[in-house]
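Novice:
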Ligand code: WT7
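Residue numbers (this note's numbering): 1 to 654.
Okay, structure coming up:
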């Protein structure tokens, strides 16, 4: 059969499958773990049992949940444990030191096999290295690294000594790193000489120096030698990672820490320009990720090879590249590079080579692969796969069906997992092999999790569309926003009271009780599963000297789910041209990162405002998506809209 014939057949098949509403669990798939969603009974006891059976405690907890001061909940508060012990020492002690923790695959095809014993040895040395730099319990350590094994070592070394890591996604600009280091008072930063991307090298240490060189609170910068890119080292402040390791004592016992000891901060975007420092703690977070990684992915650590294609710099990477898999003693694939380098089949080559059994990615990646065509996965043997999953945004049925057919070979259950940086771990997902799935729905809450839909007044909605909330605390929930308890309360626990967590998403519940996530109800944009704040992008744009005013909205996008559209008024009487578009996009890339670049910039003489001067984003969204304008009666100057509608300039992507 010719490849165009095959493509035609696939297309016809997908069309046919679009009519199927519910997919029964694949017949050949037998779930490995017993759990009865209806038998949870007392959720507190349920969680205590998970914590006791899945985690090693130095001091077992007696108290399960302290809910006396909502929304400041504490879990397993009188227990003590260490996350790095749970991820490393306990497996090595049980005789599994030779088990592979990571099959690391570099962008140029390099391979590194890292066992649990290797990881433990390097983590102990680096933990001692950090101590020798004066880093101790409660100190914040920034981590700005690409997808190399040292990023895992750095995280675990912090966890081992009670330091709090603050990982910044490697794709962010150095100025975003500075902001996150500054507001968290980071004492040290672990970074790299250079980072590779599709055959090119970015001089990371040089950029870090240019932006953070004068940050007084940052006492040390540790630099991993990765690409050999020239990296100026400042005497007394900067130290090479390998030299620090060589000088360090090989033994560093894991310190028993209180269950509520902070484990990490991860900055995420909110409704204002200031990123939120989401804080997770030790016992509850580890319980949540260990439980969900085992149950949702039907994990057998002895035989499975797990691959989560996210970057460690996002919560998906924290929970399902590092902590969940390691705590469960699993073998994972870690891939440094892009999905289309050296060619568009690299992911499937890796699945074949490492015999990946569980694959976890984002809908946006699936849509991209779908666009490239089935001929890339068809080059490889994907028969090792037994379960596949998605996260980050709602998946459109067509992409789900393609994933099911082309990647999953129609035999793999798909888990569409809904969760957030704040929730720490998966909250809503099918139980593989048990829950019948409907393409586009994350289905039902996991045992132990209590979501609800409410209307504007907070009244429960059984069926239909509403605001998604969580009505009971869960162990892996965020504990606060770093050094900003007020904003924590205000953002998540004010609208419906201190005991109801406001998710920030709208959702629909159908007649079968299945949940369908619709999207954000706040000013957060989801581009390729990455969360960005309209305010943050706006403030980056107006920081440009030529800009008078800017408003940013989301537009539905076939590839990335949503994309960013910026309405910009230039200073003076200037009208923007193509060069300005390029300049502004570049400017945003430098201030935040490439993924925050507006896809379209629309030049505006003026922006639509209410009489009190508030920008009416709703109308801008209408324009961006080419819709009829909604209610314009509150507009101060209706002429503005007419002028705008005429002026649409498209910016090329990339
Ligand atoms: C937001 C959280 C959790 C890791 C990735 C993103 C959206 C996430 C799904 C899903 C529909 C989803 C929500 C959520 N989202 N997973 N399976 N179906 N929407 O983490 O950056 O904290 O973003 O991503 O809107 O609120 P995040």
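Glycine included, every Cβ here is placed at the ideal spot set by N, Cα and C.
Give a yes or no on whether 8 Å exceeds the smallest Cβ distance from residue 251 to chain D.
Specialist: Included in the structure is just one protein chain, with no chain D present.
Novice: Going by C-alpha to C-alpha distance, which of 109, 78, 166 and 278 sits closest to residue 63?
Specialist: Along the chain shown, one-based indexing puts residue 63 at 63. Nearest option by C-alpha distance: 78.
Novice: What separation, rounded to the nearest whole angstrom, lies between the Cα atoms of residue 449 and residue 126?
Specialist: Position 449 of the chain shown holds residue 449. Position 126 of the chain shown holds residue 126. For residue 449 and residue 126, the distance between alpha carbons rounds to 37 Å.
Novice: Scan the region 438-486 and note each continuous beta strand (DSSP E) run of 3 residues or more that stays entirely inside, going in chain order.
Specialist: Runs of the beta strand (DSSP E) inside the region 438-486: 451-454 and 464-470.
Novice: How many angstroms separate the CA atom of residue 261 from the CA atom of residue 199?
Specialist: Taking the chain shown and counting its residues from 1, the one referred to as residue 261 is at position 261. Taking the chain shown and counting its residues from 1, the one referred to as residue 199 is at position 199. For residue 261 and residue 199, the distance between alpha carbons rounds to 41 Å.
Novice: Ordered along the chain, which non-local residues of its own chain (more than five positions away) have a Cβ less than 7 Å from that of residue 327?
Specialist: Along the chain shown, one-based indexing puts residue 327 at 327. Correct list, in chain order: 86, 87, 286, 289 and 290.
Novice: Is the closest heavy atom of the ligand WT7 to the C-beta of residue 392 under 7 Å?
Specialist: Position 392 of the chain shown holds residue 392. Because some heavy atom of the ligand WT7 lies under 7 Å away, the Cβ of residue 392 counts as near it: yes.
Novice: Between residue 569 and the rest of its own chain, which residues show a CB-CB distance below 6 Å, the 5 nearest in sequence each way excluded?
Specialist: What you label residue 569 is simply residue 569 of the chain shown in a count that begins at 1. Around residue 569: 548, 549 and 604.
Novice: Quick one: is the Cβ of residue 526 within less than 7 Å of any heavy atom of the ligand WT7?
Specialist: Translated into the one-based positions of the chain shown, residue 526 becomes position 526. Yes, Cβ of residue 526 sits closer than 7 Å to a heavy atom of the ligand WT7.
Novice: Just the C-alpha distance for residue 4 and residue 371, rounded to the nearest angstrom, thanks.
Specialist: Translated into positions along the chain shown, residue 4 becomes position 4. Translated into positions along the chain shown, residue 371 becomes position 371. Answer to the nearest angstrom: the Cα atoms are 14 Å apart.
Novice: Quick check: residue 185 and residue 164, are their CB atoms within less than 8 Å of each other?
Specialist: Within the chain shown, the letter at position 185 stands for residue 185. Within the chain shown, the letter at position 164 stands for residue 164. Result no, Cβ atoms of residue 185 and residue 164 do not sit closer than 8 Å.
Novice: Taking only runs of the alpha helix (DSSP H) that begin and end inside the region 116-161, which ones reach a length of at least 4 residues, in chain order?
Specialist: Counting whole runs of 4 or more residues, the region 116-161 contains the alpha helix (DSSP H) stretches 116-132 and 149-161.
Novice: Would you give the residue range spanned by the beta strand (DSSP E) that residue 279 belongs to?
Specialist: Counting from 1 along the chain shown, the entry for residue 279 is found at position 279. That run of the beta strand (DSSP E) goes 276-281.
Novice: Hey, how far is the Cα of residue 101 from the Cα of residue 364?
Specialist: Taking the first residue of the chain shown as 1, we reach residue 101 at position 101. Taking the first residue of the chain shown as 1, we reach residue 364 at position 364. Roughly 27 Å separates the two Cα atoms.
Novice: Since I believe residue 190 is in contact with residue 145 (beta carbons under 8 Å), could you give me their beta-carbon distance rounded to a whole number of angstroms?
Specialist: Counted from its first residue, the chain shown places residue 145 at position 145. Counted from its first residue, the chain shown places residue 190 at position 190. Going by Cβ atoms, the distance from residue 145 to residue 190 rounds to 6 Å, so yes, they are a contact pair.
Novice: Enumerate, from N- to C-terminal direction, the unbroken beta strand (DSSP E) stretches of 3 or more residues contained entirely within the region 273-352.
Specialist: As far as the region 273-352 is concerned, its whole beta strand (DSSP E) runs of at least 3 residues are 276-281, 305-308 and 331-335.
Novice: Use the C-beta contact count for residue 304: other C-beta atoms within 10 angstroms, 16 or more gives buried, fewer gives exposed.
Specialist: As a first step, residue 304 must be located in the chain shown, where it is residue number 304. Looking at its Cβ environment, which holds 16 or more other Cβ atoms inside 10 Å, residue 304 is buried.
Novice: Return yes when at least one heavy atom of the ligand WT7 lies under 7 Å from the C-beta of residue 420, else no.
Specialist: The residue labelled residue 420 in the question sits at position 420 within the chain shown. Yes, since a heavy atom of the ligand WT7 falls inside the 7 Å radius drawn around the Cβ of residue 420.
Novice: Given that a residue counts as buried once 16 or more other Cβ atoms are within 10 Å of its Cβ, and exposed if not, what is residue 613?
Specialist: Your numbering for residue 613 matches position 613 in the chain shown. Classification for residue 613: exposed.
Novice: Just the C-alpha distance for residue 17 and residue 401, rounded to the nearest angstrom, thanks.
Specialist: Within the chain shown, numbered from 1, the residue matching residue 17 stands at position 17. Within the chain shown, numbered from 1, the residue matching residue 401 stands at position 401. The straight-line gap from Cα to Cα measures roughly 7 Å.
Novice: Is residue 315 close to the ligand WT7? I mean its beta-carbon at under 7 Å from any heavy atom of the ligand.
Specialist: Here residue 315 is taken as the residue at index 315 of the chain shown, counted from 1. Yes, the Cβ of residue 315 comes within 7 Å of a heavy atom of the ligand WT7.
Novice: In this structure, what does DSSP give as the bridge partners for residue 239?
Specialist: Along the chain shown, read from residue 1 onward, the residue named residue 239 stands at position 239. The partner list for residue 239 (beta bridge, DSSP) reads 222.
Novice: Which word fits residue 109, buried or exposed, when buried means at least 16 other C-beta atoms lie within 10 angstroms of its C-beta?
Specialist: Here residue 109 corresponds to residue number 109 of the chain shown, with the count starting at 1. Counting Cβ neighbours within 10 Å, residue 109 comes out exposed, since fewer than 16 surround it.
Novice: To the nearest angstrom, report how far apart residue 278 and residue 443 are at their CA atoms.
Specialist: In the chain shown, the residue the question calls residue 278 occupies position 278. In the chain shown, the residue the question calls residue 443 occupies position 443. Using only the alpha carbons, I get a separation of about 26 Å.
Novice: To the nearest angstrom, how far is it from the Cα of residue 331 to the Cα of residue 301?
Specialist: Numbered from 1 along the chain shown, position 331 holds the residue referred to as residue 331. Numbered from 1 along the chain shown, position 301 holds the residue referred to as residue 301. Cα-Cα distance, rounded: 7 Å.
Novice: Between which two residues does the beta strand (DSSP E) holding residue 566 run?
Specialist: On the chain shown, position 566 is the one that residue 566 refers to. Unbroken beta strand (DSSP E) run through residue 566: 561-570.
Novice: Would you kindly check if the distance between the Cβ of residue 253 and the Cβ of residue 121 is under 8 Å?
Specialist: By one-based count along the chain shown, residue 121 stands at place 121. By one-based count along the chain shown, residue 253 stands at place 253. No, these two residues do not count as a Cβ contact at 8 Å.
Novice: What beta strand (DSSP E) runs, 3 residues minimum, are completely inside the region 354-419?
Specialist: Within the region 354-419, the complete beta strand (DSSP E) runs of at least 3 residues are 358-361, 387-391 and 414-417.
Novice: Decide yes or no for the touch test of the region 341-355 against the region 375-382: beta carbon pairs closer than 8 Å, at least 3 of them.
Specialist: Yes, since at least three Cβ pairs between the region 341-355 and the region 375-382 fall closer than 8 Å, the two stretches touch.
Novice: Beta strand (DSSP E) containing residue 200: first to last residue?
Specialist: Along the chain shown, one-based indexing puts residue 200 at 200. 200-202 is the span of the beta strand (DSSP E), which, as asked, contains residue 200.
Novice: Would the beta-carbon of residue 51 fall within 8 Å of that of residue 23?
Specialist: As a working mapping, residue 51 is identified with position 51 in the chain shown. As a working mapping, residue 23 is identified with position 23 in the chain shown. No, these two residues do not count as a Cβ contact at 8 Å.
Novice: Considering Cα atoms alone, identify which of 579, 430, 66 and 552 is closest to residue 513.
Specialist: Mapped onto the chain shown, residue 513 falls at position 513. Considering only alpha carbons, the answer is 430.
Novice: So is residue 727 buried or exposed if we call it buried at 16+ other beta carbons inside 10 Å?
Specialist: One cannot answer for residue 727 here, as it falls past the ends of the chain, which runs 1 to 654.
Novice: In this structure, how does DSSP classify residue 544 when only helix, strand and coil are distinguished?
Specialist: Against the chain shown, residue 544 aligns to sequence position 544. Reduced to three states, the DSSP call for residue 544 is coil.
Novice: With H, G and I counted as helix, E and B as strand and the rest as coil, what does DSSP make of residue 29?
Specialist: Residue numbering aside, residue 29 sits at position 29 when the chain shown is read from its first letter. Reduced to three states, the DSSP call for residue 29 is coil.
Novice: Checking 8 Å against the spacing of the C-beta atoms, do residue 564 and residue 599 come in under that value?
Specialist: Counting from one through the chain shown, the residue named residue 564 turns up at place 564. Counting from one through the chain shown, the residue named residue 599 turns up at place 599. In this structure, residue 599 lies closer than 8 Å to residue 564 by Cβ.
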